[in-house]
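In our numbering, the protein residues as written are -7 to 174. First up is the structure itself, then whatever we jot down about it.
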């Protein structure tokens, strides 16, 4: 079994909510990026346990677990890889707003597998949280469609849950409400 179906099946079997994020999710929304990477977002810290991934390891997957420290914005990252495929990263978040991304995700087919995919507004929230130059470009691309007004409204309705620097970046990128001191 290849990387995405295997990871999705295991996460579902263990009751872990997840969403495809990153370039694959952007492609579902019509924004193409040249990468074979696959990223999944979870907030279940059990994913940082070696035992969680044992069945994939037994099936030949290489599993690398990196835990974040107390100051890290993420709980950690689990990299699943095989010699014949690009890696799949399971990004383990630790915030309530990140958990909301998986609950709002809509099913779409990626690599022939039906998986929950983060919506445009949630991808923008993740890009704001990451805060890099490529992320700002990605935000512009995600906003460049007929649903811009609805996407902007959805981002702004969730923006207060993110750190101040995210609100400041949003104001710079799109001219949104930004940081009003809160």
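Glycine is no exception: its CB is placed at the ideal position from the N, C-alpha and C atoms.
For residue i, three-class secondary structure by DSSP
i: residue 64; result: coil
i: residue 134; result: helix
i: residue 27; result: coil
i: residue -3; result: helix
i: residue 155; result: coil
i: residue 105; result: strand
i: residue 70; result: strand
i: residue 165; result: helix
Residue i: first and last residue of the uninterrupted alpha helix (DSSP H) it sits in
i: residue 117; result: 112 to 122
i: residue 16; result: 14 to 20
i: residue 50; result: 46 to 50
Cut-off 6 Å between Cβ atoms - residues of its own chain near residue i, not counting five sequence neighbours on either side
i: residue 79; result: 71 and 73
Residue range of the unbroken beta strand (DSSP E) whose run includes residue i
i: residue 56; result: 54 to 59
i: residue 83; result: 77 to 84
i: residue 143; result: Here residue 143 belongs to no beta strand (DSSP E); instead the alpha helix (DSSP H) covers 140 to 150.
i: residue 99; result: 98 to 102
7 Å Cβ shell around residue i - same chain, five flanking residues per side excluded
i: residue 90; result: 33 and 35
i: residue 96; result: 111 and 114
i: residue 57; result: 40, 42, 68 and 70
Local Cβ density within 10 Å of residue i, reported as buried at 16 or more and exposed below that
i: residue 108; result: buried
i: residue 76; result: exposed
i: residue 14; result: buried
i: residue 27; result: exposed
Same chain, Cβ closer than 8 Å to residue i, five either side skipped, listed in chain order
i: residue 67; result: 35, 37, 40, 59, 60, 84, 85 and 86
i: residue 99; result: 106, 107, 108 and 109
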